[in-house]
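Only one structure is covered here, and it is reproduced in the block below.
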Amino acid sequence: MNVEPEKLCISCMRPIPAGSEEKCPLCGFRISSYRPEDGQLEPDTLFESRYHVGAAYLTDGMFTSYSAYDKIMNRRVLLRVYSDIDEGYERFSRRGRFLDTYKRLAVMGMVSFPTVYTCRTCGQGAYAVCEYVSESTLSQEIAKTGRMDFEGAKSLLLPVIVTLKLMHDERLVHGCVCAEAVRRKDKTMVLCDASGSAGDKFAADDVKDFLRLLVGVMYGSRTPVPTEFIAGAFSKANELSLPPDALECITAAFDPSGIEITSDYVLRKLYHCGEIALGVKKTPPKPPESVLSFAVSEGVKVKGLITSLS
Amino acid sequence: MCPENERNIPTRKYDPAMRFFASSIVGTRKYQQDSYACIDTPEGVLAVVCDGMGGLEGGERASALAVRTLVEDYISGSIADIRKFLRNEVIRIDTMVAKLCDDNGRPLGAGTTIAAVYSDTEKGTMDWISVGDSKIYVIRNNTIQCIVREHNYRMMLNDMYMKGEITLEQYRGEEHKAEALISFLGIGNVSLMDENEAPIKLMQGDIVLICSDGLYKSLSEQMILAVISDNYFDMQRAADELTDAALRYSQRSQDNTTAVILQYS
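Structure below.
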């Protein structure tokens, strides 16, 4: 008997009942009106013989993020695909930087970044697969809440700047800080969809993007606030009644003749925190003394030992 | 080419290495009855996983005894023939586990499985032995192959059915007992064991996974392969991810789960 494969919503990647191909009854996504842009993967294609591709939700130059479903591990995932159409040699170094960013993010295992499951090359491009967080993006939150005061916006975006600080400490660049890349995970917002320095961006660009996002949240704007606006009348009149420290920080970041503002500086100025609690790092358990001393007594050189024995 | 120049070409000695990683979880059980060890000595790497069984602390003691005995005998013995050593160890530990007693001197009735791998890093070879239903997988070129059998009643039933000794109805009637082990350490006169006939030649990039049944009863081989290949650059992460995934995908309660990964590079 042929069993029809389950149809998935291309946004939330959950099975939808037959007859609801127009609009997902679970997340409300209008499936029938979705059209991928040029160069994007078609929804419902099987990427790398494993990932059922959904709708693209974020495009940033050569990077596109999709909702997807891992058919082997049976779980929803976020798929970030880097496809470089550039014929030059530079594409290889960009791909390398993208993969390096994700490999190191995987090892860092930050709570404020989705778990990185894997990253691989794919033809001349590459892709990274991360934990599915939720459908709810910061963009949607802004649409719901409208304007927000400084304290509210600041606290909402704390995990984002913490992530940036941790990444920058490791000399990694996020490269795509925007409202679509910030998603709700449980009670907090987390930053997803890194491009790495493959997007030819620098840590200072991340900081500026973060501050644009912060100002955008206060204005209730889903689109990035232009640099000229922040550097211009807004900061002079302090329309948002920012505390002096915050105003100074934001103004300085967008001042072309000013110093380069770092994520660390933003944290200290805006959040008044100098140190970030990184959590307890896993330390490998010590090998049991009994086995080691036994080896020594037998004159055997043990080069390595891991065991559950106490 | 000028011989002088040839001599000046720097040469780099290739040092093969076997790195090992492990992750073990209690699952939803009260006791951790899995034990494992990986030891690297100048001769090679020995890795072992034991899954104990028996009430209260019996299983825990049995598996720990098996691992400790094997490791200590490996350290103290001068081993000429590794296969013979592993076989003798299995017989010796079987007797020791069978003699385990509680505080009142009553037999514990505990047992343990064993899956052990020895790798001669310099020769790039691998020997192994297994009793019970812990498994050894070899992952090569993105394919996964289990090299041992599960020594349970199902194996016996399959064998009898294939030989025509039982009918399908009889097979089905017995299937509820299929998971019961027919060979383990502590049985007293262990004879059913899987071992290699000749050392397996390892290839650079090969991964050897030794695990208790908690892992493969929750995850399909395809899933295990996916986790390992996804985390190829960080095998400790792969080991952790395997045990996490086993817990996440378990249908009901999750047994103790141990994954030991050997990476030959």
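Chains A and B supply the protein sequences, listed in that same order. For what it's worth, this note's numbering labels the leading residue of the first sequence as 1, then goes sequentially. For what it's worth, this note's numbering labels the leading residue of the second sequence as 311, then goes sequentially. C-beta: ideal position from N, C-alpha, C; glycine also.
By the criterion of a C-beta distance shorter than 6 Å, Asn499/B is surrounded by no residue of its chain, once the five residues flanking it on both sides are discounted.
Note on the stretch 513-570 of chain B: whole alpha helix (DSSP H) runs with a minimum of 4 residues are 523-526, 531-540, 545-559, in chain order. Under DSSP, Tyr66/A forms a beta bridge with Ala56/A, Leu79/A.
Taking a beta-carbon distance threshold of 7 Å, Thr351/B counts as an interface residue toward chain A. Linking Tyr481/B to Met466/B through their CA atoms gives a straight-line distance of about 10 Å. For Lys144/A, the closest alpha carbon among the candidates Ile161/A, Thr163/A, Met218/A is that of Met218/A. If you check the CB distance, Tyr102/A and Cys122/A do not come in under 7 Å. Thr307/A has a beta carbon lying within less than 7 Å of a beta carbon in chain B.
Between Leu211/A and Met189/A, the beta carbon gap of about 16 Å keeps them out of contact (Cβ cut-off 8 Å).
Tyr265/A has a beta carbon lying at 7 Å or more from every beta carbon in chain B. Contact annotation: Asp565/B and Gly369/B have beta-carbon atoms that are not nearer than 7 Å. Sequence-distant Cβ neighbours of Ser539/B in its own chain, meaning closer than 7 Å and more than five residues away, are Asn452. Interface annotation, Val81/A: not in contact with chain B, CB-CB separation never under 7 Å.
Residue burial is scored here from C-beta neighbours: Arg76/A has at least 16 other C-beta atoms within 10 angstroms and is therefore classed as buried. For Glu432/B, no CB of chain A lies under 7 Å from its own CB, so it is not counted at the interface with that chain. If you draw a 10 Å sphere on the C-beta of Ile403/B, you find 16 or more other C-beta atoms in it, and that means buried.
Listed as beta-bridge partners of Lys154/A by DSSP are no residues whatsoever. Contact note: Val377/B reaches chain A through Thr307, Ser308, Leu309, using a C-beta cutoff of 9 Å and chain order. Collapsing the DSSP output to three states places Gly216/A in a helix. Contact annotation: Arg393/B and Asp350/B have beta-carbon atoms that are not nearer than 7 Å. Between the stretch 157-164 of chain A and the stretch 81-101 of chain A there are fewer than three inter-stretch CB-CB distances shorter than 8 Å, so the stretches are not counted as touching. Under the DSSP assignment, Lys144/A falls in the alpha helix (DSSP H) whose first and last residues are 138-145.
Comparing C-alpha distances from Asp344/B to each of Ala327/B, Val377/B, Val355/B, Leu356/B shows the shortest one belongs to Val377/B.
Counted as a single uninterrupted DSSP element, the beta strand (DSSP E) harbouring Glu131/A occupies residues 125-131.
Considering only Leu375/B, Asp504/B, Arg397/B, the residue with the shortest C-alpha distance to Lys409/B is Leu375/B.
Along the stretch 339-369 of chain B, the beta strand (DSSP E) occurs as fully enclosed runs of 3 or more residues at 344-350, 355-363, listed in sequence order.
The beta carbon of Lys445/B sits closer than 7 Å to the beta carbons of Ala425, Cys456, Val458, Cys521, Tyr526 from its chain, once the five residues preceding and following it are set aside; these are given in chain order.
Residue pairing by DSSP places Leu572/B opposite Phe330/B, Val518/B in a beta bridge.
Uninterrupted beta strand (DSSP E) stretches at least 3 residues long and entirely within the stretch 15-59 of chain A do not occur.
Around the beta carbon of Tyr346/B, 16 or more other beta carbons sit within 10 angstroms, so the residue counts as buried. When DSSP states are grouped into helix, strand and coil, Asn462/B belongs to the strand group.
Within 10 angstroms of the beta-carbon of Glu507/B lie fewer than 16 other beta-carbons, which makes it exposed. In the assembly as shown, Phe330/B is a buried residue. Its beta-carbon has 16 or more other beta-carbons within 10 Å.
DSSP assignment within the stretch 157-185 of chain A yields the following whole alpha helix (DSSP H) runs of 4 residues or more, N-terminal first: 158-169. Setting aside the 5 residues that flank it on each side, Val116/A is surrounded in the same chain by Tyr102, Leu105, Ala106, Ala128, Cys130, each with a C-beta closer than 7 Å to its C-beta; the list follows chain order.
Close partners of Lys103/A in chain B (Cβ separation under 7 Å): Phe543.
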